[in-house]
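Student: In the working numbering, the protein residues as written are 66 to 201.
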C-alpha cells in the first residue's frame, strides 16, 4: 500500500469538488442523490480531517458524527475514487479496515458508522502500517 496522498493533490480533485456545494448539508432522507453535492461534502470532510490531524478513536467519532445517518446507498453514490481515499485516510490515521476484504469499501465504511470502539489491528498488518509510516 502506497503512502497516503492528500486528496487535494490527486488528479481528480478539481473535477470532483464543486464550489457551489461547499458547506452544503445533505439530507439522508432525500430520495434523489445529487452526486456532485455528495462528493463535495465528502471531499470537504476529508480535507478538514487531513488538516486537523486527528487519529484513532477521535477520527472514528468524527466520521460517525459526520455520516451517522448515511445508508449504504448513499455511500455507494460517492465516487469510487473518493471512497477509496476515505478508506486510505482512515487506515493511515489508525482505523483498522481490512485490505483485500470480501466486503466492499461501501460495506466497510458503513460498518464503521456503527462501532463503539476502534477495530483492533492484526499484528501483521500493524507491522506493515508502521513500516509504511516510516517511509519518506
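Heads up, the beta-carbon is just placed ideally off N, CA and C, and yes, glycines get one too.
Bear in mind the structure is a predicted one, so any value in this text is a computation, not a measurement.
Whole angstroms is fine: what's the gap from residue 203's alpha carbon to residue 91's?
Tutor: Absent from the structure is residue 203, since the part of the chain shown begins at 66 and ends at 201.
Student: Note the first and the last residue of the continuous alpha helix (DSSP H) segment covering residue 171.
Tutor: Working through the chain shown from its first residue, we reach residue 171 at position 106. Residue 171 -> alpha helix (DSSP H) spans 170-177.
Student: Between the Cα of residue 51 and the Cα atoms of 159, 186, 195 and 128, which residue gives the shortest distance?
Tutor: For the chain, the structure presents residues 66 to 201; residue 51 sits outside this window and is missing.
Student: Which word fits residue 82, buried or exposed, when buried means at least 16 other C-beta atoms lie within 10 angstroms of its C-beta?
Tutor: Taking the first residue of the chain shown as position 1, residue 82 is located at position 17. Buried: at least 16 other Cβ atoms inside 10 Å.
Student: By the DSSP assignment, the alpha helix (DSSP H) with residue 117 in it spans what residues?
Tutor: The count along the chain shown starts at 1 and reaches residue 117 at position 52. First-last of the alpha helix (DSSP H) with residue 117: 100-117.
Student: What number of angstroms, rounded off, separates the C-alpha of residue 201 from the C-alpha of residue 157?
Tutor: The count along the chain shown starts at 1 and reaches residue 201 at position 136. The count along the chain shown starts at 1 and reaches residue 157 at position 92. Because residue 201 carries a pLDDT of 41, less than 50, the predicted location of this residue cannot be relied on, and no value is offered for it.
Student: Give me the Cα-Cα distance between residue 183 and residue 80, rounded to the nearest whole angstrom.
Tutor: The count along the chain shown starts at 1 and reaches residue 183 at position 118. The count along the chain shown starts at 1 and reaches residue 80 at position 15. Spanning the two alpha carbons is a distance of roughly 33 Å.
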